[in-house]
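For the sequence shown, this note's numbering gives the first residue as 570, with consecutive numbering after it.
See below for the structure under consideration.
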Amino acid sequence: MGVRPFPGAIRASLPLFVPAMPFALVLGVATTQSAMPVVVGWTTNPLVFAGASQLAVVTLAATASWFTLVLTAGVINLRHAMYSAALAPRFRHQPKWFRWVGPWVLIDQTFVLVSARDDLDDRDWRHFYLTCGVFFLVSWTAVVTLGLFVGDAIPAEWRLGAAPAIMFAGLVVIGATSRPAIVAAVTGAVVCLASLGVPNNGGVVIGAIAGVMAGYLADVATDRGGVVLADPADEVVP
């Protein structure tokens, strides 16, 4: 395969990973408090590798139907379909093995970074993509694992009871580069908190659906208004 780390990829990834660390830590704590066995919950790191969906799964485990569990994870991850469509032209000229492996590490942060690297040829872009993706996967898993062991040191009010709010706060962090994403995350958080009394943690589902709808409407309103948001990749970082 001839894959080698791309110089500067990890340095570019660090500023996007640091804000997600508290989210990963709380996910680890939530896993220890979930009705799901800890080992099974931990395996969502390599198998699911999507923080908001992982938190939804461990939070709803044994308290909601499989339908609710799958629906919640699916709604939260709808944005990945847009990521895939946006990156399809770059994947089209990649080796077959990469077209299978690449999507495994496609998360919000990876998408933001690789979308801004149109200056790279196909080979260098592939190395940059995999370096960023593997860095996020390994680092995320490490911090979640740390959360499994430091749970007793974290105040009780920050634990599983706050998981839905933390989930949508995480979406704010990773989606803060676009106005519709911020609208979706904030709406989801508010609706989720207002629906905490819904049986079987249904407030998570209601919040997720409300967030997606709000984000869609915000996107439509932005397009109709002709508002062009600045691309984070064009910002000058001192």
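C-beta: ideal position from N, C-alpha, C; glycine also.
All values reported here derive from a predicted model rather than from experimental measurement.
- The straight-line gap separating the alpha-carbon atoms of threonine 632 and proline 615 is approximately 23 Å.
- Contact fails between the stretch 628-643 and the stretch 673-686, because fewer than three Cβ pairs, one in each stretch, are under 8 Å apart.
- Under the three-state reduction of DSSP output, threonine 600 falls in the helix class.
- An exposed status is given to arginine 692, since fewer than 16 other beta-carbon atoms sit within 10 Å of its beta-carbon.
- Closest by C-alpha distance to valine 598, out of Phe697, Thr700, Thr710, is Thr710.
- Tryptophan 666 counts as exposed, since fewer than 16 other C-beta atoms from the protein chains shown sit within 10 angstroms of its C-beta.
- The closest CA to that of threonine 791, considering only Ala581, Trp694, Ile751, is found on Ile751.
- For histidine 696, the uninterrupted alpha helix (DSSP H) run begins and ends at 691-718, by DSSP.
- Taking all protein chains shown into account, leucine 594 has 16 or more neighbouring C-beta atoms within 10 Å of its C-beta and is therefore buried.
- Serine 634 sits in coil when the DSSP states are folded into three classes, being neither helix nor strand.
- Under the 10 Å beta carbon count, serine 582 is surrounded by 16 or more other beta carbons and is classified as buried.
- For isoleucine 676, there is no enclosing alpha helix (DSSP H), since its DSSP letter is neither H nor E.
- In the three-state reduction of the DSSP assignment, alanine 685 falls in the coil class.
- The C-alpha of aspartate 688 is placed about 43 Å away from the C-alpha of valine 607.
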